[in-house]
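**Q** Read in order, the letters of the sequence shown are residues 5 to 339 in our numbering.
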Amino acid sequence: MKNLLYIGNKLSGHGVSVTTIETLGVLLEEEGFALHYASSKKNMAFRMLDMIWSVLKFRSKTHFILIDTYSTSSFWYAFLTSQLARILKIKYIPILHGGNLPQRLKNNPRLCKMLFGNAYKNVAPSGYLLHHFELSGFNNAIYIPNTLEIDNYSYKEQKVVFPHLLWVRSFAKIYNPNMTIEVFKLIKEKYPEATLCMVGPDKDGSLADAKLLAQAYQLDVVFTGKLSKKEWIELSENYNLFISTTHFDNTPVSVMEAMALGLPVISTNVGGIPYLLNDGVDALLVADGAIDEMVDAIDRLCQDEGLAKNISHKARLKVESFDWNVVKHSWKNVL
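In structure tokens form, the structure reads like this:
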């Protein structure tokens, strides 16, 4: 039995969205791995100290350290814990999540070489990040996609006559929630029956901004706040299109979940999105911030029932290859 220490933001108990540490970790435990986790502390400084202490505490019985690695402030806990692991001669595996990590590679090449160059493996959950890491000379990068337990997602073929739009993400400027409100304003002019539901917790004050914008436009938008996976999947029964308005991204699990449920996806064509979705095949993609393009894409799916069905079917087939029963073999080969 392998002992693993998983470093990441385990914060769902504080009202933050569930991240990979809370999904992949459980799946690995079910496969017989013994896991310790750090950290669930809300304060970032205390969380980082807890992560460092955990590396020291479990150093003698840890075979691998898994480190969720992002491109912004959370990059620093990945860097510090990885360098401590180097000193202690523990193999560590960054799991690459940040959609803006390619920019981090350019801006901080020396730090990135210390973190990623000394890793046992760098696990890229998207072809996008794998491509950029290989371009930067990290030959220890491998592709293991984000995973779903596909049996938990009942496929429903959508009949799109009037657009009932669903958006699921944390409210943060990087995910551009206000674009969703702007799109909905124009959609309501053409389809008065249209609805919009936005699901997710606030991260940087963007939720209040989105509510104010909806109020200014006198739009009846449903803001649910944070929901559990089960709750938002049940809620999705009332909607027939999924929209993603992000500025940067990697391989968003919420988009994969929408694909599994049969919701046709309309997304901005940024970061790792074109590595996950093929425009006109299993989704419709628009330029970053292109409100009119997204409105046209929604209208196109409402007018072309065959296109909506084809996109839905092909997206479900694609996402079935991300099922844990497939992906787990890649993790076992690494560990």
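Using N, Cα and C, we set each Cβ at its ideal position, and we do this for glycine too.
L305 and V172: beta carbons closer than 7 Å?
**A** As a working mapping, residue 305 is identified with position 301 in the sequence shown. As a working mapping, residue 172 is identified with position 168 in the sequence shown. Taking 7 Å as the Cβ cut-off, L305 and V172 do not qualify as a contacting pair.
**Q** Going by the DSSP bridge assignment, what does C201 pair with across the sheet?
**A** By 1-based counting over the sequence shown, the position of residue 201 is 197. In the DSSP output, where bridge partners are listed per residue, C201 has L170, V226.
**Q** Are at least three pairs of beta-carbons, each pair with one atom in the segment 215-235 and one in the segment 316-335, less than 8 Å apart?
**A** Flag = no, the segment 215-235 and the segment 316-335 do not touch.
**Q** If you check the beta carbons only, do Y157 and L265 fall under 7 Å apart?
**A** For the purposes of this step, residue 157 is identified with residue 153 of the sequence shown, where counting begins at 1. For the purposes of this step, residue 265 is identified with residue 261 of the sequence shown, where counting begins at 1. In contact: Y157 and L265 (Cβ atoms closer than 7 Å).
**Q** I believe Y132 touches G276 by the beta-carbon criterion, under 8 Å. Please report the beta-carbon distance rounded to the nearest angstrom.
**A** What you label residue 132 is simply residue 128 of the sequence shown in a count that begins at 1. What you label residue 276 is simply residue 272 of the sequence shown in a count that begins at 1. With a Cβ gap of about 3 Å, Y132 and G276 count as contacting.
**Q** If you follow the beta strand (DSSP E) that P149 is part of, which residue opens it and which one closes it?
**A** As a position in the sequence shown, residue 149 is number 145, starting the count at 1. Taken as a continuous stretch (DSSP letters only), P149 belongs to no beta strand (DSSP E), as it is neither H nor E.
**Q** For N126, which three-state DSSP category applies?
**A** By 1-based counting over the sequence shown, the position of residue 126 is 122. DSSP places N126 in strand when its eight states are reduced to three.
**Q** Pick from L100, A89, L217, A198: whose alpha carbon is nearest that of F68?
**A** Along the sequence shown, read from residue 1 onward, the residue named residue 68 stands at position 64. Of the listed residues, the one whose Cα sits closest to F68 is A89.
**Q** Could you pull out every residue in the same chain whose Cβ sits closer than 7 Å to the Cβ of Y147, ignoring the five residues on either side in sequence?
**A** In the sequence shown, the residue the question calls residue 147 occupies position 143. A128, G131, L134, listed in sequence order.
**Q** Going by the DSSP bridge assignment, what does D72 pair with across the sheet?
**A** Residue numbering aside, residue 72 sits at position 68 when the sequence shown is read from its first letter. Looking at the DSSP assignment, D72 forms a beta bridge with I99.
**Q** Kindly confirm or deny that the segment 27-46 and the segment 57-65 touch, where touching means at least three C-beta pairs closer than 8 Å.
**A** Yes, the segment 27-46 is in contact with the segment 57-65.
**Q** Counting only runs that start and end within the segment 15-85, where is the beta strand (DSSP E) found for 3 or more residues in a row?
**A** Complete beta strand (DSSP E) runs here, min 3: 38-42, 68-73.
**Q** So for D327, helix, strand or coil by DSSP?
**A** The residue labelled residue 327 in the question sits at position 323 within the sequence shown. In the structure shown, D327 sits in a strand (DSSP, three-state: E or B).
**Q** Can you tell me whether L92 is helix, strand or coil according to DSSP?
**A** Residue numbering aside, residue 92 sits at position 88 when the sequence shown is read from its first letter. Three-state result, L92: coil.
**Q** Between which residues of its own chain and E153 is the CB-CB distance below 6 Å, once the five residues before and five after are set aside?
**A** Numbered from its first residue, the sequence shown carries residue 153 at position 149. Excluding positions up to five away in sequence, the list reads W328.
**Q** Three-state secondary structure (DSSP) at T272?
**A** One-based indexing of the sequence shown puts residue 272 at position 268. Strand at T272.
**Q** May I ask you to list the residues that DSSP assigns as paired with I178?
**A** In the sequence shown, the residue the question calls residue 178 occupies position 174. Per DSSP, none; premise fails for I178.
**Q** Below 8 Å on the Cβ atoms is my guess for L169 versus L200; work out the distance and round it to an integer in Å.
**A** As a working mapping, residue 169 is identified with position 165 in the sequence shown. As a working mapping, residue 200 is identified with position 196 in the sequence shown. The pair is a contact, with the Cβ atoms about 5 Å apart (cut-off 8 Å).
**Q** Name the one or two DSSP bridge partners that Y243 has.
**A** For the purposes of this step, residue 243 is identified with residue 239 of the sequence shown, where counting begins at 1. Note: Y243 sits in no beta bridge, so no partner.
**Q** Judging by CA-CA distance, which residue of F166, N111, D286, L53 is the nearest neighbour of L84?
**A** Your numbering for residue 84 matches position 80 in the sequence shown. The residue with the shortest Cα to Cα distance from L84 is L53.
**Q** Identify, in the order they occur along the chain, each residue of the same chain with its Cβ nearer than 8 Å to the Cβ of T184, setting aside the five sequence neighbours on each side.
**A** Residue 184 sits at position 180 when you count from the first residue of the sequence shown. Hits under 8 Å: L169, W171, L200, M202, A214, I247, T249.
**Q** Between M263 and L15, what straight-line distance do the alpha-carbon atoms span, to the nearest angstrom?
**A** For the purposes of this step, residue 263 is identified with residue 259 of the sequence shown, where counting begins at 1. For the purposes of this step, residue 15 is identified with residue 11 of the sequence shown, where counting begins at 1. Going from the Cα of M263 to the Cα of L15 covers about 26 Å.
**Q** CA-CA distance, S86 and Q107?
**A** Numbered from 1 along the sequence shown, position 82 holds the residue referred to as residue 86. Numbered from 1 along the sequence shown, position 103 holds the residue referred to as residue 107. Approximately 20 Å, taken between the alpha carbons.
**Q** If you drop the 5 nearest sequence neighbours on each side, which residues of the same chain put their C-beta closer than 8 Å to that of M5?
**A** Locating residue 5 in the sequence shown gives position 1, counting from the first residue. Taken in chain order, the residues that qualify are G36, F37, A38.
**Q** In the DSSP output, which residue or residues are listed as bridge partners for N7?
**A** Your numbering for residue 7 matches position 3 in the sequence shown. According to DSSP, N7 bridges with A38.
**Q** For A301, does the three-state DSSP call read helix, strand or coil?
**A** Residue mapping note: residue 301 aligns to position 297 of the sequence shown, counting from 1. Helix.
**Q** Should A218 be labelled buried (16 or more other beta-carbon atoms within 10 Å of its own) or exposed?
**A** Reading the sequence shown from its first residue, position 214 is the one you call residue 218. Per the 10 Å Cβ criterion, buried.
**Q** Tell me whether L281 sits in a helix, a strand or coil according to DSSP, three-state version.
**A** As a working note, residue 281 is residue 277 in the sequence shown. It is coil, neither helix nor strand.
**Q** Note down, in chain order, each residue of its chain lying with its Cβ closer than 6 Å to the Cβ of H18, except the 5 sequence neighbours on either side.
**A** Along the sequence shown, read from residue 1 onward, the residue named residue 18 stands at position 14. K46, listed in sequence order.
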